[in-house]
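In my numbering, the protein residues as written are 379 to 1197.
A virtual CB, placed ideally from N, CA and C, is assigned to each residue, including glycine.
These numbers were taken from a predicted model, which means no experiment stands behind them.
Everything below concerns the one structure shown next.
Written as structure tokens, this is what we have:
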């Protein structure tokens, strides 16, 4: 009897072996074809949970699979270690965020190692490491030099009780601070931005060349939000309804063809012309409305759930519709934002549902400008059709009418064709402590002055006090605040804002290519040898911000000569895995429904847990957590263990190959072909099913009497194919059977000659009803199929001694005899 399968002993042995031997360490000059496989930068919240297990199992499988296929695979790991949770922990416990974060990194590292995930541990990058902070700040200064970083006013959530800015997630649904309970205010503060909008068109265009999930591409396109239309002036009307020469409202629309149906105009409450547009009679109402709107978030303002009769106010002014000369009223409305277009819109209720609802709420005229189809009984019509009530546009279809309208606006000198984007510049300022400091000082004489490169990194001090209010300690630390101006040598005040943590994750993958470089963030040569990332793996929740920012950083760094010149995209291929749910909800620390893998590591072992996740369903699907199948995975591995070590009842002998042996040989080659294809398609669940079927077949083969050479080849192939999935048990069995390291073996290839099925079951029908099944050669021709069918005693019984009227042969699967 073979030794009992002991997963803990085996897994500990091989995890140590891979680490000590540096099995998965690769150098930049490795002569093998390069591949870069990367799981998204994890936030170190503590020990791994099942979401980590699923994500990092997929990544590890791919690293091992590509390595066995002859590639030098860069598989780095790092930690997105700045962020609010560590700062909140410091406020509650007094533990410095660095100590808190380092402890969480140790816990997550230990979990990943117990999972058997392999990395080049020489390349570890952490956001709060001094060297990473230095190069983060160095890149910021390059952006600042090239007008990609700038400072401007922006609205923030301000808590008067805490005297600090709050992140959106710190504001409760009722608009109060989660800490103090005070009503949160909206204030305009000077903030730092990155000019991502400079790359809006390229960010949109380059999506076409990416091998990403279509839903992610759609989300990116929608976030960029390119629209084509016209921008033109609406002159403010005087008391007689005539256009004034000194004041006009600039509007943007994607439907200039509907201009004849414009019955009112709407401006954002923040629009700079609001004071000029507001009459004395309406001033009190307008100011009250603007103040109320200022407390709402953009999401609340754009919500379609709020009733429109409470979302606008008349300014008292009118503007002139240039299409028909009518003087139309100007309203403020909260659903118009200054950040998109001009902050003002022409309202055409006949062709826009929100405009329709607003018009009904405020008793404003409605004029249709596109003829709806016969029988249409809705409200606003947003489809195509001929123009109506539009003078010289009447009869034109929408596309023609748009072009004609823009041509007219330009010819009359009233406006111009315009492309707008929904994408806005990236606000990166955070009024927090635990983040990368922004490397500038403020001098009364010189203004904003960059910190010289030889003074980088600017580090936050350790001797800080975390106040219950949540205010950043940097604002009160005299040693940090007071600085010397690099320009004039006078007194200066250090910037107390820190960078958005998305900055860290926007270029970490480049640092992985050259983590020990002390002269640059990375060399262009090192980046060129690995980039772009061949396979990026992570959750769909990062489909917009992280991926968009990483794409922007890559393009900008290439334009600045830091990244390789031709590198325009960071991630060639993206896979977004499904989430793990508990009782229908996403597993998360905040919900308290995390399931840790430690008990499973200590019980059935990491390989069984990995196999369970791979078998649970397609990797892109969400999975409801239910560990009922883990024991089944464990039993399967124990069954494989016994098979590989010869502990199966039956006889294994030396003999010339028989038909049964040849069939096992063909089945082995079909398994190689099938599993290879399923690995390429990420169909891991069906690959696991194939392994289970194959193991059962080999057990039956041994019990019936197996040929040793055929059995050994079959078991070896299965160990090689399973090595990326279950690395520990396959490594141990390979070493015991063959010596050496299974993961350093080449990936098996199928013999094309052995992929054909030797025999198949041919169904024989009489008048469409199944009367017999006959095992036939897979290459049987029509004549032989007909002969065998007519020779069948079961078929002849239905012929009653006569001849068939017709025989339809479809070898090798079917013969239908018609009588």
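Taking all protein chains shown into account, residue 770 has fewer than 16 neighbouring C-beta atoms within 10 Å of its C-beta and is therefore exposed. Between the alpha carbons of residue 942 and residue 903 lies a gap of roughly 7 Å. Closest by C-alpha distance to residue 1151, out of 1159, 1161, 1169, is 1169. Distance from the CA of residue 898 to the CA of residue 940, rounded to the nearest whole angstrom, comes to 8 Å. Counting along the chain, the unbroken beta strand (DSSP E) around residue 536 starts and ends at 527-537.
It is roughly 19 Å from the alpha-carbon of residue 1085 to the alpha-carbon of residue 1048.
In the structure shown, the three-state DSSP call for residue 642 is strand. Under a 10 Å Cβ-count criterion, residue 535 is classified as buried, with 16 or more other Cβ atoms of the shown protein chains found around its own Cβ. Counting other Cβ atoms within 10 Å of its Cβ, residue 835 reaches 16 or more and is therefore classed as buried.
Nearest neighbour of residue 526 by Cα position, chosen from 879, 930, 413, turns out to be 930.
Of all alpha-carbon atoms in 1043, 906, 456, the one lying nearest the alpha-carbon of residue 1132 is that of 1043. Bounds of any beta strand (DSSP E) do not take in residue 969, whose DSSP letter is neither H nor E. As computed with DSSP, residue 798 is found in a beta bridge with 605. Contact annotation: residue 1179 and residue 1197 have beta-carbon atoms that are not nearer than 8 Å. Shown here, residue 418 sits in coil according to DSSP, grouped into three states, outside any helix or strand.
For residue 1122, the three-state secondary structure derived from DSSP is helix. When only Cα atoms are considered, residue 461 and residue 879 end up about 6 Å apart. Taking the CA atoms as reference points, residue 814 sits about 20 Å from residue 532. The residue from 413, 414, 415, 430 with its alpha-carbon nearest to that of residue 421 is 430. For the stretch 729-755, the full-length alpha helix (DSSP H) segments reaching 4 residues or more read 731-739 along the chain. According to DSSP, residue 807 shares a beta bridge with 877.
Spatial neighbours of residue 385 in its own chain (CB-CB distance under 6 Å, excluding positions within 5 residues in sequence) are listed in chain order as 983. A contact is defined here as three or more CB-CB pairs under 8 Å, and the stretch 516-525 meets this definition with respect to the stretch 816-828. Here residue 448 is exposed. Its C-beta has fewer than 16 other C-beta atoms within 10 Å. Here residue 839 is exposed: its Cβ has fewer than 16 other Cβ atoms, across all protein chains shown, within 10 Å. DSSP links residue 1180 through a beta bridge to no other residue. In the same chain as residue 1140, and ignoring 5 residues on each side of it, the C-beta atoms closer than 8 Å to its own belong to 1151, 1152, 1153, 1154, 1158, 1163, 1166, 1167, 1189, 1190, 1191, 1192, 1193, in chain order. When secondary structure is reduced to three states using DSSP, residue 828 falls in the strand class.
Between residue 793 and residue 608, the C-beta spacing is below 8 Å. A distance of 8 Å or more separates the beta carbons of residue 842 and residue 860. At a Cβ-Cβ threshold of 8 Å, residue 995 and residue 1063 count as neighbours. Beta-bridge partners assigned by DSSP to residue 1027: none are found.
According to DSSP, residue pairing for residue 1144 in a beta bridge involves 1147, 1195. Here DSSP, grouped into helix, strand and coil, assigns residue 1170 to coil. DSSP, reduced to helix, strand and coil, places residue 613 within a strand of the structure shown. In this structure, DSSP gives residue 512 a helical state, which the three-state scheme calls helix.
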